[in-house]
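To start, the structure itself, in structure tokens.
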Amino acid sequence: MSKIIGIDLGTTNSCVAVMEGGEATVIPNAEGARTTPSVVAIKDGERRVGVSAKNQATTNPDNTIYSAKRFIGRQFSESKNDIEKVGYECIKGKSGEVEIMLEGKQKRPAEISAMVLQKLKADAEAYIGYEVKEAVITVPAYFNDSQRQATKDAGKIAGLDVKRIINEPTAAALAYGIDKKGGEKKVAVYDLGGGTFDVSILELGEGVFQVKATNGDTQLGGDDFDRLVMEWIIAEFKKEQGIDVSKDKLAIQRIKEAAEKAKIELSSLHETTISLPYLTMDKDGPKNFEIKMSRSKLEDLIMSLIEKTEAPCKQCMKDAGIFESDIDEVILVGGSTRTPAVQAKVKEIFGKEPHRGSNPDEVVALGAAIQGGILSGDSDVKDVLLVDVTPLTLGIETLGGVATPLIERNSAVPTSKSQVFSTAADNQTAVEIHVVQGERPMAIDNKSLGKFNLDGIAPAPRGMPQVEVTFDIDSNGILSVKAADKGTGKEQHITISGSGNLSNEEVEKMRQEAEKYAEEDKTKKEMVEFKNKGESLVIQSEKAIKDAGDKIGDEIKKPIEEKIEEMKKILEKKDATVDEIKEIYEALSSEIQKIGAELYKDSGANGGDGASSGEEAPTEDDDGVKVHKKGEKKEDKDDVFDAEVVEEEEKKDEK
Amino acid sequence: MHHKKDHKKDHEQEEELQKKLEEMTEHAKRAMADMQNLKRRQEEERKVIITMANIDLLRSLLPVIDNLDRAMEHVPKEAEKWAEGMNMSVNQFKKIFQDYGLAEIESLGKPFNPEFHDALVHGPGEKDTVTEVLEKGYKLGDRVIRHAKVKVGNGENE
Numbered sequence: 000m001s002k003i004i005g006i007d008l009g010t011t012n013s014c015v016a017v018m019e020g021g022e023a024t025v026i027p028n029a030e031g032a033r034t035t036p037s038v039v040a041i042k043d044g045e046r047r048v049g050v051s052a053k054n055q056a057t058t059n060p061d062n063t064i065y066s067a068k069r070f071i072g073r074q075f076s077e078s079k080n081d082i083e084k085v086g087y088e089c090i091k092g093k094s095g096e097v098e099i100m101l102e103g104k105q106k107r108p109a110e111i112s113a114m115v116l117q118k119l120k121a122d123a124e125a126y127i128g129y130e131v132k133e134a135v136i137t138v139p140a141y142f143n144d145s146q147r148q149a150t151k152d153a154g155k156i157a158g159l160d161v162k163r164i165i166n167e168p169t170a171a172a173l174a175y176g177i178d179k180k181g182g183e184k185k186v187a188v189y190d191l192g193g194g195t196f197d198v199s200i201l202e203l204g205e206g207v208f209q210v211k212a213t214n215g216d217t218q219l220g221g222d223d224f225d226r227l228v229m230e231w232i233i234a235e236f237k238k239e240q241g242i243d244v245s246k247d248k249l250a251i252q253r254i255k256e257a258a259e260k261a262k263i264e265l266s267s268l269h270e271t272t273i274s275l276p277y278l279t280m281d282k283d284g285p286k287n288f289e290i291k292m293s294r295s296k297l298e299d300l301i302m303s304l305i306e307k308t309e310a311p312c313k314q315c316m317k318d319a320g321i322f323e324s325d326i327d328e329v330i331l332v333g334g335s336t337r338t339p340a341v342q343a344k345v346k347e348i349f350g351k352e353p354h355r356g357s358n359p360d361e362v363v364a365l366g367a368a369i370q371g372g373i374l375s376g377d378s379d380v381k382d383v384l385l386v387d388v389t390p391l392t393l394g395i396e397t398l399g400g401v402a403t404p405l406i407e408r409n410s411a412v413p414t415s416k417s418q419v420f421s422t423a424a425d426n427q428t429a430v431e432i433h434v435v436q437g438e439r440p441m442a443i444d445n446k447s448l449g450k451f452n453l454d455g456i457a458p459a460p461r462g463m464p465q466v467e468v469t470f471d472i473d474s475n476g477i478l479s480v481k482a483a484d485k486g487t488g489k490e491q492h493i494t495i496s497g498s499g500n501l502s503n504e505e506v507e508k509m510r511q512e513a514e515k516y517a518e519e520d521k522t523k524k525e526m527v528e529f530k531n532k533g534e535s536l537v538i539q540s541e542k543a544i545k546d547a548g549d550k551i552g553d554e555i556k557k558p559i560e561e562k563i564e565e566m567k568k569i570l571e572k573k574d575a576t577v578d579e580i581k582e583i584y585e586a587l588s589s590e591i592q593k594i595g596a597e598l599y600k601d602s603g604a605n606g607g608d609g610a611s612s613g614e615e616a617p618t619e620d621d622d623g624v625k626v627h628k629k630g631e632k633k634e635d636k637d638d639v640f641d642a643e644v645v646e647e648e649e650k651k652d653e654k
Numbered sequence: 000m001h002h003k004k005d006h007k008k009d010h011e012q013e014e015e016l017q018k019k020l021e022e023m024t025e026h027a028k029r030a031m032a033d034m035q036n037l038k039r040r041q042e043e044e045r046k047v048i049i050t051m052a053n054i055d056l057l058r059s060l061l062p063v064i065d066n067l068d069r070a071m072e073h074v075p076k077e078a079e080k081w082a083e084g085m086n087m088s089v090n091q092f093k094k095i096f097q098d099y100g101l102a103e104i105e106s107l108g109k110p111f112n113p114e115f116h117d118a119l120v121h122g123p124g125e126k127d128t129v130t131e132v133l134e135k136g137y138k139l140g141d142r143v144i145r146h147a148k149v150k151v152g153n154g155e156n157e
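Protein sequences, first through last, are from chains A and B. Numbers 0 to 654, taken from numbering that gives the first Met the number 0, label the letters of the first sequence in order. Numbers 0 to 157, taken from numbering that gives the first Met the number 0, label the letters of the second sequence in order.
Following this line, the structure appears as structure tokens:
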């Protein structure tokens, strides 16, 4: 079983991705980076590809080849401008095509690209763990047949069977899943990379993308943004210190890094500080430089460049024969589209908010991997086998109306989980299991899926019976809930088939409500929890007094009874606050401890330090049982629903 | 009793089921393979994760080390005593980095190696040798987290 990798073979950087578990993933290279410079060098017969080739470029300019993509499949006569810009020698091949001189030998640009592809292939194999033989490679939408054929040849030379050459904007659209939304769509892809700008209009019909028009500027990109910021820093430094650092290689390198960092930071911050201590020195000593840069300053500097992308976009729409109102989706590609001013411009040009989310440096490779997945039949794995998750949390109502989750939302199904609950009152013989779905902490705010009773529980003190509740969702989304009394072996169950039938809108609405009421719900839940604690303290206090009998005098009993009454009153009061309950709770807690102290004094135990609060006095975690009691129920104890966690027994198995 | 027609139908059904089964087996195999790969990679990553967990933090602190180094190169004469203490503090700081596995890349006078060195300048000096370090490089374990920015000799006399 082999995988088809997706390769974005770029002018300056390349990126490779693969489908894994139904999702496209970028493969890091051997150096740990997610993109690889498309640079090749040979020195003394040794070949280097990627960052190390780039690092030695200044020492070996004749035999360091970059931007080979600008020449692939092209004629010498049509590439004069590009040839002038590179530092290596290009010559005219036998049939007029561009060839590159490397270590005195003529090489086709495809052979250079093949070296880059070979490294990507090797890195992918190291990652995947077995040999990779097939690939999908992307090319710019404006590439002609000869450029596409040459790219395919490059793959073949690298030992890859190129299953398909696809357009970069199409790959980006695939990465965003535009094709899955159905219907006919017009998509604008705005690609602003480090050194080039491309815009394309695609038309999607019956699952197939067609490029309607392309345009762009081969000499415009994010590197120009950095250059302008650098020039600004140099000018500001000169203004402040009177020193021109533009010839100082090290200072320039530091300024370049600082400019890039400032640009990136200003994508999320409104102001940043550029700090360059000891930037240079003169006869008076070292010179420091520090300056604040605001986002609006950056935008001032680069706005004219961003404006330059507008005309190609307009022309592209015109060539495609459409208006901006016809465009359904806008996609951003290339690292420079992270700049907020660029995004604003794109929105202005196309009148639509662009898609965000995927890393714009990686979307093309991801899309190529998805295409590879489709070709190998890998992509439907997720659709067929794994895609189902429960959209909302499933749980049961416990004491006080609290929704206790059993299966958290976004759990992959099939799955099952059990937890043990207990009773809330002495001699309680039945429990009600109320199954709810949703994200709100109180059961009443969630969707009720069904309820049933488990009766016949043997009479026992509260907290003793163990009722195991099991939730199980099968692969069809059918939920069955089972409650079993571990003591008597009695069990009841319910099957709910509607749990997965919520529409996306319903799910979304429930999620939004959960967010909206989060604060309010938290207070409500806290209130219930405190009420539960208060009620349990009352029960324990009454029991303590009864158990102590006449071993304690009225001077101890009386204040406790008073506090118990107070607590009961406040618990019945509808508008009681958490603070009010808390106050009485604390007062009663400290009173009740006196019983223990008294008992130990009587029994002659010296001091009894620590023990006083041991058995008799109520604590939150009495017997390790957290007590919850359902709030609004009537006094009828037998009917009171129960459920308290006595222990957590988690079983999770995936079938 | 089955009619002939029913037999044919059964046969078709069986074939269809067989096909479906093959398809599902294939899917299951793929999912299993992906999972095994993920496990293997997780194992591999776990080995280095402790050193690599700090990589971003360490990398972002490198400019601070650079600036401290620069500061120590520019100590005014009247502050030498003060600088001694400062130097001790800087070394203390660097020691912590070392403890976390950060190592300086040796550069000056070494043969130029683009795996570790980024040549910014190519000029007079011993051929293919690092003649000046413009910015120090660092490794974390085997991984280069910043290449040293260097000047490389071209064999001409200075």
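Yeah, the Cβ is synthetic: ideal placement off N, Cα and C, and Gly gets one too. Here the structure is a predicted model, which is why all the values come from computation and not from measurement.
From the beta carbon of B/N176, is the nearest beta carbon of chain A less than 7 Å away?
In this structure chain B extends from 0 to 157, so residue 176 of chain B is not present and cannot be described.
Classify B/A82 as helix, strand or coil using the three-state DSSP reduction.
In the structure shown, B/A82 adopts helical secondary structure according to DSSP, grouped into three states.
What is the DSSP secondary structure of A/Y599, reduced to helix, strand or coil?
helix
Determine, for B/N36, whether the minimum Cβ-Cβ distance to residues of chain A falls below 7 Å.
yes
What does A/R47 reach in chain B if we use C-beta pairs closer than 7 Å?
Chain B residues near A/R47: P113.
Run of the alpha helix (DSSP H) containing A/D247, from where it starts to where it stops:
Where A/D247 is concerned, there is no enclosing alpha helix (DSSP H), given that its DSSP letter is neither H nor E.
If we require 3 or more residues per run, which beta strand (DSSP E) segments fall completely within the stretch 333-397 of chain A?
DSSP runs (the beta strand (DSSP E)) wholly in the stretch 333-397 of chain A: 393-397.
Have a look at A/E653 and A/S293 and give me their C-alpha separation to the nearest angstrom.
Low confidence applies to A/E653: its pLDDT is 38, below 50, so where it sits in the model is not reliable, and the reading given next is rough at best. Roughly 53 Å between the two C-alpha positions.
From the DSSP secondary-structure annotation, give me the bridge partner or partners of A/K296.
Partner(s): none; A/K296 has no beta bridge.
Take A/P353 as the anchor and find which of A/A368, A/E264, A/I330, A/E361 has the nearest alpha-carbon.
If we check each option's Cα against that of A/P353, A/I330 comes out closest.
Excluding the 5 residues preceding and the 5 following A/K307 in the sequence, name in chain order all residues of the same chain whose CB lies nearer than 7 Å to its CB.
The beta carbon of A/K307 sits closer than 7 Å to those of D216, L219, all from its chain and outside the five residues before and after it, given in chain order.
Per-residue DSSP class, three states only, for A/G86:
Residue state, collapsed to three classes: coil.
Measuring only between beta-carbons, confirm whether B/L119 sits less than 7 Å from chain A.
So, interface residue.
Among B/L61, B/G124, B/P75, the one whose alpha carbon lies nearest that of B/K93
Minimum Cα distance to B/K93 is reached at B/L61.
Beta-carbon gap between A/S13 and A/V135 smaller than 7 Å
no
State whether the stretch 392-406 of chain A contacts the stretch 357-373 of chain A, with contact taken as three or more CB pairs (one from each stretch) at a distance under 8 Å.
no
Could you give the distance in angstroms between the alpha-carbon of B/Y99 and the alpha-carbon of A/D327?
51 Å
Which residues in the same chain as A/S375 place their Cβ atom closer than 7 Å to its Cβ, once the five residues preceding and following it in sequence are excluded?
K2, I3
Shortest alpha-carbon distance to A/I156 belongs to which of A/A109, A/Q148, A/L119?
A/A109
For A/A258, the nearest candidate out of A/E289, A/D546, A/K162, A/Y87 (CA to CA):
A/E289
A/L201 - DSSP class collapsed to helix/strand/coil:
strand
Coil, strand or helix - A/K106 by DSSP:
strand
So with CB distances below 8 Å, who are the chain A contacts of B/L107?
Residues of chain A passing the Cβ test: none, with the nearest at roughly 15 Å.
With DSSP as the reference, please indicate the residues paired to A/L101 in a beta bridge.
A/K104
Please report the distance separating the alpha-carbon of A/D471 from that of A/R408.
14 Å
Helix, strand or coil for A/A40 per DSSP?
strand
Between which residues of its own chain and B/E131 is the CB-CB distance below 6 Å, once the five residues before and five after are set aside?
K150
Classification of A/M18 by the beta-carbon crowding that lies within 10 angstroms, buried from 16 upward
buried
Using the C-alpha atoms, what's the distance from A/N503 back to A/P168?
29 Å
Going by the C-beta, is B/P75 closer than 6 Å to any heavy atom of the ligand GTP?
With respect to the ligand GTP, the structure shown offers nothing to examine, as it has no ligands at all.
I need the DSSP call for A/L119, collapsed to helix, strand or coil.
helix
Which of helix, strand or coil DSSP assigns to A/I580
helix
Roughly how many angstroms separate the alpha carbons of A/K556 and A/K530, rounded to a whole number?
23 Å
Is A/N62 close to chain B, meaning its C-beta is less than 7 Å from at least one C-beta of that chain?
no
Between the stretch 126-142 of chain A and chain B, which residues of the former have a C-beta closer than 8 Å to a C-beta of the latter?
Those residues of the stretch 126-142 of chain A that come within reach of chain B (Cβ to Cβ, closer than 8 Å) are Y126, I127, G128.
Top-ranked residue by Cα proximity to A/V434, from A/P413, A/L391, A/P460
A/L391
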